[in-house]
Amino acid sequence: MKIASWNVNSVKARLPRLLEYLKEASPDVLCLQELKTVDEAFPREDVEELGYNIETHGQKTYNGVAILSKHPIEDVMRRLPGNDDDEQARYIEGTIKGVRVASIYLPNGNPVDTEKFPYKLSWMDLLIKRAEELLTWEEPVVLAGDYNIIPQDEDCYDPKAWEGDALTQPESRNRFRRLLNMGYADAYRAFTRNVNYTYWDYQRGAWQKDHGIRIDHLLLSGEATDRMTEVGIDKEPRGREKPSDHTPIWVDLDIS
DNA sequence: ATGACTCGCAACGCGAGA
Numbered sequence: 005m006k007i008a009s010w011n012v013n014s015v016k017a018r019l020p021r022l023l024e025y026l027k028e029a030s031p032d033v034l035c036l037q038e039l040k041t042v043d044e045a046f047p048r049e050d051v052e053e054l055g056y057n058i059e060t061h062g063q064k065t066y067n068g069v070a071i072l073s074k075h076p077i078e079d080v081m082r083r084l085p086g087n088d089d090d091e092q093a094r095y096i097e098g099t100i101k102g103v104r105v106a107s108i109y110l111p112n113g114n115p116v117d118t119e120k121f122p123y124k125l126s127w128m129d130l131l132i133k134r135a136e137e138l139l140t141w142e143e144p145v146v147l148a149g150d151y152n153i154i155p156q157d158e159d160c161y162d163p164k165a166w167e168g169d170a171l172t173q174p175e176s177r178n179r180f181r182r183l184l185n186m187g188y189a190d191a192y193r194a195f196t197r198n199v200n201y202t203y204w205d206y207q208r209g210a211w212q213k214d215h216g217i218r219i220d221h222l223l224l225s226g227e228a229t230d231r232m233t234e235v236g237i238d239k240e241p242r243g244r245e246k247p248s249d250h251t252p253i254w255v256d257l258d259i260s
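Following my numbering, the numbering of the first sequence begins with 5 at its first residue and continues without gaps.
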């Protein structure tokens with residue numbers, strides 16, 4: 005079962021890219037981030053025509069996450085527990101063929117000297133709590149999404165350029181590492197030493213110069229890691245016309 | 001040239017993204 009994650013930076017602006025990715029890569033599950041639209045305006049028919057079920061958690065203008073799946077999506081949960089009053093749509097979770105899958109759009113947190121940074125850290129604390137709960141289920145879990153975290157210096161083209169940024173702050177990295185230490189595997193880093201990025205800025209020719217960063221991650225519980233057969237980053241979508249600034253990352257799990 | 005961004009919006013410049 006192929007599970008992918010992609011920050012599309014507006015599902016409406018990216019609809020041609022999204023549809024061609026679903027046709028070409030044909031993932032069983034695709035977690036989307038940054039829909040930038042309300043649930044009612046999600047282009048459901050186009051996606052359903054390709055054989056996908058859809059669960060969204062959108063909002064106007066900003067954020068918004070979704071899970072697309074060829075198989076039924078059960079027991080859907082929107083928002084992180086403890087975040088009931090938060091109007092920012094950044095989390096959705098559901099079960100697909102016994103695999104608990106979350107689509108995550110973690111707050112960026114910049115600039116760090118504003119309230120945005122503590123918001124990021126407290127959001128991560130709630131994610132850590134939820135991730136701990138999910139481990140007690142003793143089932144395959146895939147926490148997929150845009151974490152807005154550069155885990156290590158090797159995950160960006162120029163560590164100096166990112167000093168002082170919310171994506172590399174010790175407080176952000178330490179919380180990401182707590183997810184790993186409790187038992188989740190960073191699927192890409194755990195299974196390849198390749199240097200590869202998932203995001204390239206629209207500005208300054210970042211894509212052409214490969215000035216990227218690795219901030220989209222698939223975190224797998226032990227039960228999911230045991231079933232993992234392949235992991236990859238699909239770079240093609242980033243090089244196309246009117247692309248997202250992110251590109252999809254995916255894993256293949258051996259699920260009967 | 002050493003380089004040039006892209007979304008959404010009761011828009012026509014601004015906030016946000018990373």
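Virtual Cβ for every residue (Gly too), placed ideally from N, Cα, C.
Please work out which residues of its chain come closer than 8 Å, Cβ to Cβ, to residue i, disregarding the five sequence neighbours upstream and downstream, and give them in chain order.
i, result
"residue 16", "40, 41, 45 and 47"
"residue 27", "54"
"residue 128", "110, 176, 179 and 180"
So, helix, strand or coil for residue i, using DSSP?
i, result
"residue 235", "strand"
"residue 39", "coil"
"residue 53", "coil"
"residue 94", "coil"
"residue 59", "strand"
"residue 26", "helix"
"residue 228", "helix"
"residue 17", "coil"
"residue 48", "helix"
"residue 82", "strand"
Taking all protein chains shown into account, do 16 or more other C-beta atoms lie within 10 angstroms of the C-beta of residue i, making it buried, or fewer, making it exposed?
i, result
"residue 209", "exposed"
"residue 152", "buried"
"residue 124", "buried"
"residue 201", "buried"
"residue 214", "exposed"
"residue 86", "exposed"
"residue 62", "buried"
"residue 54", "exposed"
"residue 233", "exposed"
"residue 188", "buried"
"residue 20", "exposed"
"residue 137", "exposed"
"residue 18", "buried"
"residue 244", "exposed"
"residue 199", "exposed"
"residue 197", "exposed"
"residue 80", "exposed"
Based on the DSSP output, what are the partners of residue i in its beta bridges?
i, result
"residue 6", "256"
"residue 73", "33 and 57"
"residue 87", "In the DSSP output, where bridge partners are listed per residue, residue 87 has none listed."
"residue 11", "37"
Please return the same chain residues whose Cβ sits closer than 7 Å to the Cβ of residue i, not counting the five positions on each side in sequence.
i, result
"residue 180", "151, 153 and 155"
"residue 121", "113 and 170"
"residue 142", "227"
"residue 247", "21 and 241"
"residue 71", "33, 35, 59, 77, 96, 98, 105 and 107"
"residue 83", "90 and 95"
Sorted by chain position, which residues of the same chain lie with C-beta nearer than 6 Å to residue i's C-beta, five sequence neighbours on each side aside?
i, result
"residue 43", "60 and 62"
At which residue ranges does the stretch 96–147 contain complete alpha helix (DSSP H) runs of 4 or more residues, listed in the order of the chain?
-> Runs of the alpha helix (DSSP H) inside the stretch 96–147: 120–140.
Kindly provide the ranges of any alpha helix (DSSP H) runs that are 4 or more residues long and lie completely inside the stretch 144–223, ordered along the chain.
-> Contiguous alpha helix (DSSP H) elements confined to the stretch 144–223 occur at 174–185 and 191–195, taking only those with 4 or more residues.
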